[in-house]
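Protein chains in written order, with the working numbering: chain U, 127 to 293; chain Z, 686 to 963. C-beta: ideal position from N, C-alpha, C; glycine also. Predicted model only: the values in this text are computed from it and were never measured. Below is one structure, written out as structure tokens, with a few remarks after it.
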């Protein structure tokens, strides 16, 4: 229960920091996504069988607060969770590499889904402009922030899961 | 069959039913009082973080801006000199203008708006969407579709409201379309946003003559925004061969990157014509 509470609180804090601070950090038109990074790091460090429920709730909350359709963050976060299960088995000895791999692929997926949503909503945009001005800067910023986020969640998980604990 | 109703499957089924039930209750609005109570302290904390960040950013950003401010000061001094000469010319036409104002019943076209001031406490998580979040909501009389301005000009419109916060769609958003009027050319057009936050002018008749620097005001067409709110100035205009309309780029009057506070016009009822759009 404590673990879910701590994860929930860290998610709320990440949401507030994202809306208040990180959405204003921009390179061209791209900004980092702290919530996505936190969820990636949590997925890589969690040891619960029903962690997907928390991920689904987090996706729902982001979908409700954001102007994006609610299913976009839910889909991205669930995809992150599913890929992290495989990734933890294959690159378990280098968790930072897993964090980088997942950050890169999840950011691309999130942006592709956002672009697809804009396309379905018939909002005019130029794909190359979106790629150069939004996707690439956002990928760069997310990769840059992945290291400190991973380090913080690692410390958090070491406190929550003492050595050898399996819930 | 026994496996289908095993304890594990039943537990997962109950979890799914509970999640779906909570979602249905949330969508149908039965959880609104709970949301209102739980969201208020979060909004206060969000305001605190946003204010501290802006103060921090201003403190470290101000020395760097000194050179820019000096340049702007020079430009503004030149503009003041130009405006003073224009004032002298305008004073000569004052008597004639007073008659024209009476005829046009200018006051009727510019009713006194009622404003609610709000602080910007966040920006949208997705970089493709240009939205901001303010710390005033339905408890302060804010409703969907209300126009939002600053003392400079048009900002956008209310897109979603909860009890103590609201989300604003900026005019720079790719989904935003504002019907506008070019003041001197006296032609109408549309101002559209983009995913990069740039604003462009569209639907300007091909035969109309528009000067660079032309002032853009809202036309009031469509009932989404009140008329005569300052939007920006024309930066450039292109008319392609065989095109039906001229297009161009616009310099918005409001600096959206440093937006800290806004005014919501509460006595304007926006007309939703979307059902009439084919």
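**Request:** Identify, in the order they occur along the chain, each residue of the same chain with its Cβ nearer than 6 Å to the Cβ of residue 877 of chain Z, setting aside the five sequence neighbours on each side.
**Result:** As a working mapping, residue 877 of chain Z is identified with position 192 in the second chain. Same-chain partners within the cutoff: 862, 885 and 887.
**Prompt:** Do we get a CB-CB distance below 8 Å when we pair residue 144 of chain U with the residues of chain Z?
**Reply:** For the purposes of this step, residue 144 of chain U is taken as the residue at position 18 of the first chain. True, the Cβ-Cβ gap to chain Z drops below 8 Å.
**Message:** To be precise: take each residue of the region 248-266 of chain U, compare its Cβ to all Cβ atoms of chain Z, and keep it if any distance is under 8 Å. Which residues remain?
**Reply:** 249, 250, 251, 255, 256, 259, 260 and 264
**Segment limits, beta strand (DSSP E) that includes residue 147 of chain U** = Here residue 147 of chain U is taken as the residue at index 21 of the first chain, counted from 1. That residue, residue 147 of chain U, is in no beta strand (DSSP E); it is neither H nor E in DSSP.
**Against chain Z: residues of the region 174-192 of chain U by CB proximity under 9 Å** = 176, 179, 182, 183, 186, 188, 190, 191 and 192
**Message:** Taking 8 Å as the threshold (C-beta atoms), are residue 904 of chain Z and residue 865 of chain Z in contact?
**Reply:** In the second chain, the residue the question calls residue 865 of chain Z occupies position 180. In the second chain, the residue the question calls residue 904 of chain Z occupies position 219. A contact, by the Cβ cut-off of 8 Å.
**Request:** Starting from residue 804 of chain Z, find everything on chain U with Cβ-Cβ shorter than 7 Å and list it in chain order.
**Result:** Residue numbering aside, residue 804 of chain Z sits at position 119 when the second chain is read from its first letter. Result: empty, since nearest Cβ-Cβ is about 11 Å, beyond 7 Å.
**Message:** Which residues does DSSP list as the beta-bridge partners of residue 922 of chain Z?
**Reply:** Numbered from 1 along the second chain, position 237 holds the residue referred to as residue 922 of chain Z. Z:933, per the DSSP bridge assignment.
**Message:** Is there a C-beta anywhere in chain Z that falls below 8 Å from the one on residue 134 of chain U?
**Reply:** For the purposes of this step, residue 134 of chain U is identified with residue 8 of the first chain, where counting begins at 1. No, because no Cβ of chain Z sits closer than 8 Å to the Cβ of residue 134 of chain U.
**Item:** Cut-off 6 Å between Cβ atoms - residues of its own chain near residue 936 of chain Z, not counting five sequence neighbours on either side
**Value:** Along the second chain, one-based indexing puts residue 936 of chain Z at 251. The residues are 917, 918 and 920.
**Message:** Let's see if you can read the secondary structure: which residues bound the alpha helix (DSSP H) around residue 184 of chain U?
**Reply:** Counting from 1 along the first chain, the entry for residue 184 of chain U is found at position 58. Residue 184 of chain U -> alpha helix (DSSP H) spans 177-191.
**Asked** Along chain U, which residues have their Cβ under 8 Å away from the Cβ of residue 738 of chain Z?
**Response** Within the second chain, residue 738 of chain Z is the residue found at index 53, counting from 1. Residues of chain U passing the Cβ test: 146, 147 and 150.
**Residue closest to residue 824 of chain Z, alpha-carbon to alpha-carbon, out of Z:718, Z:837, Z:763 and Z:874** = Residue mapping note: residue 824 of chain Z aligns to position 139 of the second chain, counting from 1. Of Z:718, Z:837, Z:763 and Z:874, the residue nearest in Cα terms is Z:718.
**Asked** By how many angstroms is the C-alpha of residue 277 of chain U removed from the C-alpha of residue 225 of chain U?
**Response** Locating residue 225 of chain U in the first chain gives position 99, where the first residue counts as 1. Locating residue 277 of chain U in the first chain gives position 151, where the first residue counts as 1. Distance between the alpha carbons of residue 225 of chain U and residue 277 of chain U: 10 Å.
**Asked** Would you say residue 157 of chain U faces chain Z, with C-beta separation under 8 Å as the test?
**Response** In the first chain, the residue the question calls residue 157 of chain U occupies position 31. Closer than 8 Å: yes.
**Item:** residue 159 of chain U burial status per 10 Å Cβ neighbour count (16 or more: buried)
**Value:** For this step, residue 159 of chain U is matched to residue 33 along the first chain. Answer is buried; the Cβ neighbour count reaches 16.
**Request:** Check the C-beta distance from residue 813 of chain Z over to residue 859 of chain Z and give it rounded, since I have them as a contact under 8 Å.
**Result:** Along the second chain, read from residue 1 onward, the residue named residue 813 of chain Z stands at position 128. Along the second chain, read from residue 1 onward, the residue named residue 859 of chain Z stands at position 174. The pair is a contact, with the Cβ atoms about 7 Å apart (cut-off 8 Å).
**Request:** Compute the Euclidean distance between the alpha carbons of residue 182 of chain U and residue 163 of chain U, then round it to the nearest angstrom.
**Result:** Here residue 182 of chain U refers to the residue found at position 56 of the first chain. Here residue 163 of chain U refers to the residue found at position 37 of the first chain. Approximately 16 Å between the Cα atoms of the pair.
**Prompt:** Got a sec? Which residues, its chain only, sit under 7 Å from residue 882 of chain Z by beta carbon, not counting five neighbours each side?
**Reply:** Position 197 of the second chain, counted from the first residue, corresponds to residue 882 of chain Z. Taken in chain order, the residues that qualify are 815, 857 and 941.
**Prompt:** So, is residue 958 of chain Z buried or exposed, given that buried needs 16 or more other C-beta atoms within 10 angstroms?
**Reply:** The count along the second chain starts at 1 and reaches residue 958 of chain Z at position 273. It counts as exposed.
**Message:** Please list, in chain order, the chain Z residues whose beta carbon lies closer than 8 Å to that of residue 161 of chain U.
**Reply:** Against the first chain, residue 161 of chain U aligns to sequence position 35. Ordered by position in chain Z, the residues that pass the 8 Å Cβ test against residue 161 of chain U are 810.
**Item:** Alpha carbon of residue 269 of chain U to alpha carbon of residue 165 of chain U, nearest angstrom
**Value:** Along the first chain, one-based indexing puts residue 269 of chain U at 143. Along the first chain, one-based indexing puts residue 165 of chain U at 39. Approximately 14 Å, taken between the alpha carbons.
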